[in-house]
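Mapping the sequence shown onto this note's numbering, position 316 (from 1) lands on 308, and the numbers just tick up by one. Note that CB positions come from ideal geometry on N, CA and C, so glycine has one too. Below is one structure, written out as structure tokens, with a few remarks after it.
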Amino acid sequence: MSEVTANYDESWKEALNEYFESFLSFFFPTVYGLIDWEKPPEPLDKELQEITASSETENRFADKLYKVWLLDKQQIWILIHIEIQSQYDADFPERIFIYNYRAFDLYHNNVLSLAILGDDRPNWRPDRYHYAIGGGEILLKFPTVKLLDYESRLHELELSNNPFAIITTAHLKTKATTSNLTEREQWKWKLIRELYERGLTKEQIVKLFKIIDTMMALPKHLQTALITKVKNFEEERKMPLVSPTEQLAMERGEIIGEERGEQRGEQRLVIRQINKRFGVISVSLTEKIHQLSIEQLELLGEALLDFSTITELEQWLENTM
């Protein structure tokens, strides 16, 4: 079976970009009730980069940072620091503390850290960072949601129109089907079908379709079969305008087109370098170069500096292909 890697991080980040208000109302209703939603939240991507760039710890990243206003109408703002954990991380509480402090240190505003734990360990539930030395003490508590707790509430999720009910189900079933991708395809098809049956707008269907499609990765043969099902389903329902499958295909086509353009540019550059150094090369060598990936073309461009004969080029191609 083809090896595939589920893409949790990109899916959650996209979901937070699109549905931040829904995220808080679904997972953190108490926090949601404190915020004045008449004033749109402001994503603080630049500030987040500054916070993470100043960290001396390795592999430290937070997903999203927002500025929001409270209901008391004061011109104050809080930073809501969201962590999405898809794997167990023993240093997770420390990372929450580091970014919470750095956000406060840089901007001197109240900082609230929120954690979504997407791992599969039922008993791992960090909700604080704490240490005490010689009478001094540091304590940071942060609200935490464990996605695994929703496993027993799938029927409740089916009845909810909040986007994160669907996204949470997708997350749980993606993790549960790591070793059974045929079952994953069945769950993915079920969730996609439900998008049409929940009375969502066309725009909502397309956005959630993309999030589910990215997270619930499938090998090519299962993905192809799934897309066929979706297309047939859309035709039966006479879906108007651009369907999710068509939009997805267009976006992927644009990416592929960009990659192919970059590859052709690299090919022309390398062939010019070779012709300049060794004279015009044979058609067979040119064809071999055209078969190289962008990464291989870049490596060949560097290796050319060390070649003194055309034989060395031929040997390099033989070893690479």
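Own chain partners of residue i with C-beta closer than 7 angstroms, once the 5 adjacent residues on each side are dropped
i: N153; result: R190
i: D141; result: none
i: E2; result: T206
i: W181; result: L218, K221
Delimiting residues of the alpha helix (DSSP H) encompassing residue i
i: A82; result: Premise fails: A82 is in no alpha helix (DSSP H) and is neither H nor E.
i: V103; result: Not the alpha helix (DSSP H): V103 falls in the beta strand (DSSP E), residues 102 to 109.
i: T216; result: 212 to 229
i: V137; result: Not the alpha helix (DSSP H): V137 falls in the beta strand (DSSP E), residues 136 to 138.
i: R176; result: 173 to 189
i: Y24; result: 21 to 24
i: P114; result: Here P114 belongs to no alpha helix (DSSP H), and DSSP marks it neither H nor E.
i: N323; result: Limits of the chain in this structure are -7 at one end and 313 at the other, which puts residue 323 out of reach.
i: A209; result: Taken as a continuous stretch (DSSP letters only), A209 belongs to no alpha helix (DSSP H), as it is neither H nor E.
Whether residue i touches residue j by CB criterion (8 angstroms)
i: Y24; j: P155; result: no
i: E34; j: K59; result: yes
i: E143; j: L164; result: yes
i: A157; j: F18; result: yes
i: F134; j: D119; result: yes
i: V(-4); j: L173; result: yes
i: W308; j: L284; result: no
i: L132; j: Y121; result: yes
i: L149; j: T160; result: yes
Pairwise C-alpha distance: residue j and residue i
i: I247; j: I130; result: Residue confidence for I247 is low, a pLDDT of 48 falling below 50, so the modelled location carries little weight and cannot support an answer.
i: Y0; j: I27; result: 28 angstroms
i: T206; j: N115; result: 28 angstroms
i: K56; j: K5; result: 7 angstroms
i: D37; j: K230; result: 40 angstroms
i: Y93; j: E310; result: 54 angstroms
i: Y123; j: L192; result: 48 angstroms
i: I90; j: L210; result: 36 angstroms
i: I302; j: R256; result: 22 angstroms
i: F225; j: I203; result: 19 angstroms
i: I266; j: V272; result: 8 angstroms
i: T220; j: A168; result: 24 angstroms
i: F270; j: K212; result: 42 angstroms
i: R317; j: T170; result: Residue 317 lies beyond the residue range present for the chain, which begins at -7 and ends at 313; the question has no answer from this structure.
i: E30; j: V198; result: 26 angstroms
i: R87; j: D81; result: 10 angstroms
i: V222; j: W61; result: 41 angstroms
i: L98; j: R145; result: 40 angstroms
i: D83; j: I125; result: 19 angstroms
i: N9; j: P32; result: 13 angstroms
i: E13; j: K268; result: 59 angstroms
i: E294; j: A45; result: 31 angstroms
i: G128; j: P85; result: 19 angstroms
i: L63; j: E177; result: 44 angstroms
i: S276; j: T312; result: 15 angstroms
CB contact check: residue i to chain C, cutoff 8 angstroms
i: L98; result: The displayed structure is made up of one protein chain only, and chain C is not part of it.
Whole-angstrom C-beta distance between residue j and residue i, which should lie under 8 angstroms
i: I281; j: I263; result: 6 angstroms
i: A162; j: L183; result: 6 angstroms
i: L214; j: F201; result: Contact flag wrong, Cβ pair sits at about 16 angstroms.
i: Q259; j: L289; result: 6 angstroms
i: A7; j: M208; result: Not a contact, Cβ separation roughly 13 angstroms.
Close beta carbons around residue i, own chain, < 6 angstroms, minus the five adjacent residues each side
i: W179; result: K165
i: L305; result: F299
i: V137; result: F19, I108
i: E175; result: T169
i: L16; result: V23, Y24
i: P21; result: none
Run of the beta strand (DSSP E) containing residue i, from where it starts to where it stops
i: E129; result: 128 to 133
i: Y121; result: 120 to 125
i: Y58; result: 56 to 60
Residues near residue i in its chain [Cβ-Cβ closer than 8 angstroms; skip 5 each side]
i: T278; result: I263
i: K65; result: D28
i: R117; result: L109, T136, K138
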